[in-house]
Amino acid sequence: MVCKVEKWGITQEKANRVEIKPVDSSGNISEVPLEIETWVQTDGEPVIVSPAILEWHTDQLLVRGAKDVAWG
């Protein structure tokens, strides 16, 4: 699936790898941490310091649980 957002040429595509990199005050992408750490936060909690790579592989995640649940 490829979905193009009309603004800035942004696209949405399936991926198995995401790279998060900091950008310095001049707008340059950095391959190493900056002097001031760049955090990614979830619900106000810091979870990742950039640069970071998130990578996953098909059929590598097993999810176990009941097929039917009381609240479903």
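Under numbering that gives the first Met the number 0, think of the first position of the sequence shown as 0, with each following residue one higher.
Think of the CB as a built atom: it goes at the ideal place given N, C-alpha and C, for glycine as much as any other residue.
- DSSP, reduced to helix, strand and coil, places Pro45 within a strand of the structure shown.
- The Cβ atoms of Ile47 and Glu18 do not sit closer than 8 Å to each other.
- Ile19: member of the beta strand (DSSP E) spanning 16-19, first to last residue.
- Ile9 has its alpha-carbon roughly 17 Å from the corresponding atom of Arg16.
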